[in-house]
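*Asks:*
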Amino acid sequence: MKPNQVDAHGRPVTGYTGWIFQSNDGKEKYPERGVGLTGDISEKFADASIELIEQLREKPFFIHVNFTAPHDPLLIPPGFKNAYDPATIPLPMNYRPSHPFDHGNQNSRDESLLPLPRTEKDVREDLAVYYAVISHLDQQVGRILMALDDSGERDNTIVIFTSDHGLAMGSHGLRGKQNMYEHTINVPMLISGPGVPKNQRFEAQMYLRDMYATVCDLVGIPVPDVPNTAGTRASIDGRSVVPVLRGDQDQVHKYVFGYFRDFQRMIRGERWKLIHYPQIDRYQLFDLVKEQEPPRHSPQAGLLATCRYGRGSRALPGQKNG
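Each residue of the sequence shown is one higher than the last, beginning at 1 in full-length UniProt numbering.
#1: What whole-angstrom Cβ distance do Met169 and Val123 have, given they're in contact under 8 Å?
#2: Please state whether the Cβ-Cβ distance between Tyr207 and His253 is less than 9 Å.
#3: Return the residue from the list Phe257, Leu167 and His9 that minimises the CA-CA distance to Arg209.
#4: Can you give me the start and stop residues for the alpha helix (DSSP H) that Gln140 sits inside?
#5: Is the separation between the beta-carbon of Tyr84 and that of Ala132 shorter than 9 Å?
#6: For the stretch 40–53 against the stretch 132–143, are there 3 or more C-beta pairs whose distance is under 8 Å?
#7: Report the partner residues of Gln264 according to the DSSP bridge assignment.
#8: I need the straight-line Cα distance from His71 to His172, nearest angstrom please.
#9: Do the CB positions of Leu174 and His64 come within less than 9 Å of each other?
#10: For Ser23, count neighbouring C-beta atoms within 10 Å of its own C-beta (all shown protein chains included) and say buried if the count is 16 or more, exposed if not.
#11: Is the CB-CB distance between residue 326 and Ile191 below 9 Å?
#12: Measure the Cβ-Cβ separation of Thr119 and Pro97 and say whether it is below 9 Å.
#13: Hey, Leu75 and Ala8: beta-carbon distance below 9 Å or not?
#14: Looking at C-alpha atoms only, which residue of Val241, Asp126, Arg265 and Gln106 is the closest neighbour of Tyr283?
#15: Tell me the residue span of the beta strand (DSSP E) that contains Lys273.
#16: Taking Phe45 as part of the alpha helix (DSSP H), name the residues at either end of that continuous run.
#17: Tell me whether Met189 sits in a helix, a strand or coil according to DSSP, three-state version.
#18: What would DSSP say about Tyr255, mapped onto helix, strand or coil?
#19: For Pro295, does the three-state DSSP call read helix, strand or coil?
#20: Cβ atoms of His136 and Ser42: under 9 Å apart, would you say?
#21: Measure the CB-CB distance between Phe202 and Leu245 and report whether it falls below 9 Å.
#22: How many angstroms separate the CA atom of His276 from the CA atom of Arg268?
#23: May I ask you to list the residues that DSSP assigns as paired with Ile160?
#24: So is Thr162 buried or exposed if we call it buried at 16+ other beta carbons inside 10 Å?
#25: Looking at the secondary structure, which residues open and close the alpha helix (DSSP H) in which Leu218 lies?
#26: Taking Cβ to Cβ, would you say residue 334 is nearer than 9 Å to Ile160?
#27: Quick check on the DSSP output: the beta strand (DSSP E) that includes Asp287 runs from which residue to which?
#28: Quick check on this structure: which residue in Val215, Lys290 and Val187 has the alpha carbon closest to the alpha carbon of Arg239?
#29: Can you tell me the Cα-Cα spacing of Gly220 and Phe260, whole angstroms?
#30: Got a sec? Which residues, its chain only, sit under 8 Å from Val196 by beta carbon, not counting five neighbours each side?
#31: Who pairs with Ser171 in a beta bridge, going by DSSP?
#32: Using the beta-carbon count (16 or more within 10 Å), is Ala147 buried or exposed?
This is the structure in C-alpha cells:
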C-alpha cells in the first residue's frame, strides 16, 4: 500500500491494505508471502498460477487461485479506466436510495463506501469501476485457461470457478455484502472437466463447504473419515454436487441457512426465503418463483413477514411498512 492511498473514487483506503498469510492465531504475519494492494493485483495471481501449471506439467496438481478482486477497495486496473461509461450502466432492478430499516450493518465500513442517500449517479459510477475490476479479473482467468490449453492438460483438468459472496452495489439501498438478499448469497458456480456434462445448467442449492466433497467425488478420492475430539465420526458437513451434475438427483440441500452475526437469520427453500432480523424482530418473506406477485403468507414459515419486491413494498397484517 502507498501512503495516503485512495480508491477509484478518491476516498481514503481504510481497510484491506494488503493480503498476506498469517498464523492460525493471527499473531505471526508473513508479508513476504502475500500481495499488496494494486490495480493489477489479479495479474499477479494469474502469473503465479501459470508458473505453477508450467512447472507441474504432466504431474498431478491441485491449484487454488484465490483472487482477491473484486473485493474492496476498488482500484481501476491499468488499461481499464474508461472500460465502462457510468451513464450507460443500468441501475439494479431493486435500486433504492437507502435501505428501509437498519439491517444490522448500516454504519459499517462497507456501507460507508457509498454515501447515503445512494444517488443514481453515485451507484452508476461505483458499478463502472466494479465492472472494470471484474473484466480485468475475467481476463486473468482466461490467461490461466490458455495456460492449461498450452500444457496439454486442459481436457484432464477439473476447473471450478466460484465466489464467496456478491455485493449489493445499490440494490435494496445497500452497498456491501452483509445481507441475505439474492444478489449477495447467489454466486457463480461453473464446473468443467472430465466427468462433468457439457453445456448444461442446474438449479440446486448448495454451500461453498460442499466443494470439498464435490472435488473428492470428481477425482475419485474418498472423503477422509477420522475421529474428532468428541470421539465421534468426523467426516464433513458438505455434500457432493456430483449427483446433481449427473442427473441422479435434483437437489443438494432442500433448505439452506445463513446468518450475519446477531443481526440476520435466513432460511431458503426452492421457492420461499425467510429473513429474520432478531434485534428488531422483523421478517421478510420472498416468493422466489413469482417475485412480482403480491406478497403471500407462507404456511411453511408460520410467521407474519414483511414482503418487499423491486422498488415497492407491502406489509402483511401486523407489520409496518418501512
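By construction, the Cβ of each residue, glycine as well, lies at the ideal position given by its N, Cα and C atoms.
*Replies:* With the given structure in hand:
#1: A Cβ-Cβ distance of about 7 Å is found for the pair Met169 and Val123, placing them in contact under the 8 Å criterion.
#2: yes
#3: Arg209 has its Cα closest to that of Phe257, out of Phe257, Leu167 and His9.
#4: Glu120 to Ser151
#5: yes
#6: yes
#7: Phe260
#8: 20 Å
#9: no
#10: Burial call: exposed.
#11: Summary: the structure shown does not reach residue 326, with the chain confined to residues 1 through 322, and so no result is reported for it.
#12: yes
#13: yes
#14: Arg265
#15: Trp272 to Tyr277
#16: Ile41 to Gln55
#17: strand
#18: DSSP places Tyr255 in the coil class of the three-state scheme, outside both helix and strand.
#19: Per-residue confidence for Pro295 stands at a pLDDT of 44, beneath the threshold of 50, marking its modelled position as unreliable; the derived number appears in the next sentence. It is coil, neither helix nor strand.
#20: yes
#21: yes
#22: 12 Å
#23: Bridge partners of Ile160: Ile191.
#24: Exposed, because fewer than 16 other Cβ atoms sit within 10 Å of the Cβ of Thr162.
#25: Asp210 to Val219
#26: Because the chain in this structure spans residues 1 to 322, residue 334 falls outside the shown range and cannot be described.
#27: Arg282 to Asp287
#28: Val215
#29: 35 Å
#30: Ile158, Leu218 and Leu245
#31: Partner residues in the beta bridge of Ser171, as assigned by DSSP, are Tyr95.
#32: buried
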